[in-house]
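In the working numbering, the protein residues as written are 558 to 851. Working notes, structure below.
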């Protein structure tokens, strides 16, 4: 009987130690990581086909979002993000929103953030959209100023002709902004249309819009990915598409959606099986030459 009791005590101790180890990893180790994700995206007319030997037009996008700078995710890590992006020499950089977690209750050094953002280089430009945290806590105008000081163009229900071949459209935030979804119906057919929306679900569900590629964040990939846990804690606007690449077959034209798992944390300072990431997308466009960006 005593031996059985000792076994139960040992099992309980091991369980407690394992739980502490997992919690320590999720609190201190994984949130401090910065994963490099690389993905090649075929043009809309080649979805589902094997890549051939023909020469391609390639646009390289650095995608990041949801930094949620705070006392938990310090501003000092902005430099590491910039260095990772600059090493890959992207043509264009896109930030999907939620720069600061809560400016009112947990203020951070916005000048240092702007300085880090300014270190990022991209010959075709740097672009951003609003996230819900960029409106919340009185951060609206601070966010605009920080992104401008960092050299980012803030797109709010607005389009930008990136090249002769590519047009960017940035949507206002789904939760706290005023997104103009009719704008997507007015996009022309003469360019590859990239739509940036902090939350994916609303934009991805528009069937008659003209979008070739949708880029989003907001979900943090669930932050903690455990069975029966992740889906329950995904935010409004990010419950259907939580992370990674999706092919959407809506109407007569297929489109691609990429949702980044983001970098920081919110609500709970944990990440488990969902490390912070910067995503590098090599977008193959219709055509026969490289994007002239340098």
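No residue lacks a Cβ here, since even glycine has one placed at the ideal position from N, Cα and C. In this text the structure is predicted, and so the values were computed from the model without any measurement.
Straight-line CA distance for residue 775 to residue 564?
Counting from 1 along the chain shown, the entry for residue 775 is found at position 218. Counting from 1 along the chain shown, the entry for residue 564 is found at position 7. Using only the alpha carbons, I get a separation of about 45 Å.
Report all residues from its chain with a CB closer than 6 Å to the CB of residue 744; omit the five preceding and five following residues, and keep chain order.
Locating residue 744 in the chain shown gives position 187, where the first residue counts as 1. Excluding five sequence positions before and after residue 744, the CB atoms of its chain that fall closer than 6 Å to its own CB belong to 750, 767, given in chain order.
Hey, would you say residue 758 sits closer than 8 Å to residue 796, going by beta carbons?
Counted from its first residue, the chain shown places residue 758 at position 201. Counted from its first residue, the chain shown places residue 796 at position 239. Their beta carbons are under 8 Å apart, which means residue 758 touches residue 796 by this criterion.
Residue 712 and residue 681 look like a contact to me (Cβ under 8 Å); what is the Cβ gap, rounded to whole Å?
The residue given as residue 712 occupies position 155 in the chain shown. The residue given as residue 681 occupies position 124 in the chain shown. Not a contact, Cβ separation roughly 14 Å.
For residue 684, which option in 754, 828, 669, 593 has the closest C-alpha, if you only look at C-alpha atoms?
Start at 1 with the first residue of the chain shown, and residue 684 comes out as number 127. The shortest Cα separation from residue 684 among 754, 828, 669, 593 belongs to 754.
Apart from the five residues just before and just after residue 726, which ones in its own chain have a Cβ nearer than 6 Å to its Cβ?
Within the chain shown, residue 726 is the residue found at index 169, counting from 1. Result list for residue 726: 716, 752, in chain order.
Decide if the stretch 590-601 is in contact with the stretch 623-630; the criterion is three or more beta carbon pairs, one per stretch, under 8 Å apart.
no
What do you get for residue 662, buried or exposed, if any count of 16 or more other CB atoms within 10 angstroms of its CB means buried?
As a position in the chain shown, residue 662 is number 105, starting the count at 1. Burial call: exposed.
Looking at the strands, I want to know which residues DSSP matches up with residue 724.
Walking along the chain shown from the start, residue 724 turns up at place 167. Partner(s): 718, 750.
Proximity to residue 800 [Cα-Cα], best of 806, 826, 831
Translated into the one-based positions of the chain shown, residue 800 becomes position 243. Of the listed residues, the one whose Cα sits closest to residue 800 is 831.
State the DSSP-derived secondary structure class of residue 775, mapped to helix, strand or coil.
For this step, residue 775 is matched to residue 218 along the chain shown. Residue 775: coil per DSSP, three-state reduction.
So for residue 764, helix, strand or coil by DSSP?
Counting from one through the chain shown, the residue named residue 764 turns up at place 207. Note: residue 764 maps to coil in three-state DSSP.
Would the beta-carbon of residue 696 be found less than 7 Å away from any heavy atom of the ligand MG?
In the structure on display, the ligand MG does not appear, and there are no ligands present to speak of.
Mark residue 851 as exposed unless 16 or more other C-beta atoms lie within 10 angstroms of its C-beta, in which case mark it buried.
The residue you call residue 851 lines up with position 294 of the chain shown. Only weak support is given to the placement of residue 851: the predicted model assigns it a pLDDT of 40, under 50, and the value that follows is read from those uncertain coordinates. Label assigned to residue 851: exposed.
Would you call residue 837 buried or exposed, if buried means 16 or more other Cβ atoms sit within 10 Å of its Cβ?
For the purposes of this step, residue 837 is taken as the residue at position 280 of the chain shown. Buried.
Determine the DSSP secondary structure at residue 839, reduced to helix, strand or coil.
Reading the chain shown from its first residue, position 282 is the one you call residue 839. Looking at residue 839 - three-state DSSP - the assignment turns out to be strand.
For residue 734, which of 636, 641, 601, 687 has the nearest alpha-carbon?
Numbered from 1 along the chain shown, position 177 holds the residue referred to as residue 734. Here the closest residue by C-alpha is 687.
Pop quiz: residue 632 and residue 655 are said to be a contact at Cβ under 8 Å. What is the actual Cβ separation, rounded to whole angstroms?
On the chain shown, position 75 is the one that residue 632 refers to. On the chain shown, position 98 is the one that residue 655 refers to. Not a contact, Cβ separation roughly 15 Å.
Just curious, the alpha helix (DSSP H) that residue 618 is in, first and last residue?
Working through the chain shown from its first residue, we reach residue 618 at position 61. Here residue 618 belongs to no alpha helix (DSSP H); instead the beta strand (DSSP E) covers 614-621.
Tell me whether residue 600 sits in a helix, a strand or coil according to DSSP, three-state version.
In the chain shown, counting from the first residue as 1, residue 600 sits at position 43. If DSSP states are grouped into helix, strand and coil, residue 600 belongs with coil.
Continuous beta strand (DSSP E) assignments of at least 3 residues falling wholly in the stretch 625-709
If only complete runs of 3 or more residues are kept, the stretch 625-709 shows the beta strand (DSSP E) at 649-652, 683-685, in order along the chain.
Would you mind stating whether residue 691 and residue 700 have Cβ atoms separated by less than 8 Å?
As a working note, residue 691 is residue 134 in the chain shown. As a working note, residue 700 is residue 143 in the chain shown. Residue 700 is positioned such that its CB atom lies closer than 8 Å to that of residue 691.
My output table needs one value for residue 812: the three-state DSSP class, helix, strand or coil.
Here residue 812 corresponds to residue number 255 of the chain shown, with the count starting at 1. Residue 812: strand per DSSP, three-state reduction.
If you draw a straight line from the alpha carbon of residue 747 to that of residue 842, how long is it in whole angstroms?
Against the chain shown, residue 747 aligns to sequence position 190. Against the chain shown, residue 842 aligns to sequence position 285. Distance between the alpha carbons of residue 747 and residue 842 is about 12 Å.
Between which two residues does the alpha helix (DSSP H) carrying residue 789 extend?
Position 232 of the chain shown, counted from the first residue, corresponds to residue 789. First-last of the alpha helix (DSSP H) with residue 789: 787-790.
Going along the chain, which residues of its own chain have a beta-carbon closer than 7 Å to the beta-carbon of residue 824, five neighbours each way excluded?
Mapped onto the chain shown, residue 824 falls at position 267. If we look at residue 824 and ignore the five residues flanking it on each side, it has no Cβ neighbours.
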